[in-house]
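Asks: For the working numbering, add 2 to where a residue sits in the sequence shown, where the first one is 1. Here it is: the structure, laid out below.
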Amino acid sequence: MINLTTVDDFLPKKEFNKIHSNIPFLEWAPNDLNIPNVNHIWYSYGPLSPQDFSMFKKALKKKFNKKIISCKLNSWTWVNTKEPRPHIDYVKNKCEYQLLVYIRSDERISGGTAFYSQNEKGLNEIDIHIGFKENRAILFKSKDCLHSPLLWNSKSQTGRYAAIFQLVIED
């Protein structure tokens, strides 16, 4: 069973607009934290500045009523995956929850995230689709949670900008 929650208008409008305006101009580099046995290529810029991290931390507390105990990874990301790459990022006591905050993309394309379950033949099937919407946050438990960007279904070159966090949190 997938355990996830979404919230729109996650960050305060003023702060979100500043991030939205600046994110395309970051110095993007291919991420070297590749997931073993998964060819999931993405570009990142991180970790976030202490000021930006604090803003997300406050929003997580306010919108989800969750407190960060530790953060294994946080980064601005840009993905434009052209084939499904279902993967699990779970690492016990390091990445038990993930927070994904959509920043910028074309809302008309399939720029969201797919969450998968396995059918009776052991094949991955999309179980839940969270559509892209600017300033939408998704918080989900990492364990047994297959997920992938949905951009593979789009002909757009836009891609998707987001902020990602791999967390241990307290209720």
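C-beta atoms are modelled at their ideal positions from N, C-alpha and C, and glycine is treated no differently. Bear in mind that the values here come from a model prediction, so they are computed numbers and not experimental data.
For the beta strand (DSSP E) holding Phe-142, just list the boundary residues, first then last.
Replies: Taking the first residue of the sequence shown as 1, we reach residue 142 at position 140. Phe-142 -> beta strand (DSSP E) spans 139-143.
Asks: I'd like the span of the alpha helix (DSSP H) that includes Asp-54, first residue to last.
Replies: Your numbering for residue 54 matches position 52 in the sequence shown. Unbroken alpha helix (DSSP H) run through Asp-54: 52-66.
Asks: DSSP state of Ser-72, grouped into three classes?
Replies: If you number the sequence shown from 1, residue 72 lands on position 70. DSSP places Ser-72 in strand when its eight states are reduced to three.
Asks: To which residues of the same chain is Gly-48 closer than 7 Å at the C-beta, ignoring the five residues directly before and after it?
Replies: For the purposes of this step, residue 48 is identified with residue 46 of the sequence shown, where counting begins at 1. Cβ within range, chain order: Asn-76, Ser-77 and Trp-78.
Asks: Excluding the five sequence neighbours on either side, which residues of its own chain have a C-beta within less than 7 Å of the C-beta of Phe-66, listed in chain order?
Replies: Residue 66 sits at position 64 when you count from the first residue of the sequence shown. For Phe-66, where only same-chain residues beyond five positions count, the Cβ hits under 7 Å are Thr-7, Val-9 and Leu-141.
Asks: Residue range of the alpha helix (DSSP H) that Glu-109 falls in?
Replies: By 1-based counting over the sequence shown, the position of residue 109 is 107. From DSSP, Glu-109 is part of no alpha helix (DSSP H); its letter is neither H nor E.
Asks: Let me check understanding here. Comparing Cα to Cα, which of Lys-15, Ser-46, Thr-83 and Ser-112 lies closest to Leu-28?
Replies: Position 26 of the sequence shown holds residue 28. For Leu-28, the nearest C-alpha among the options comes from Ser-46.
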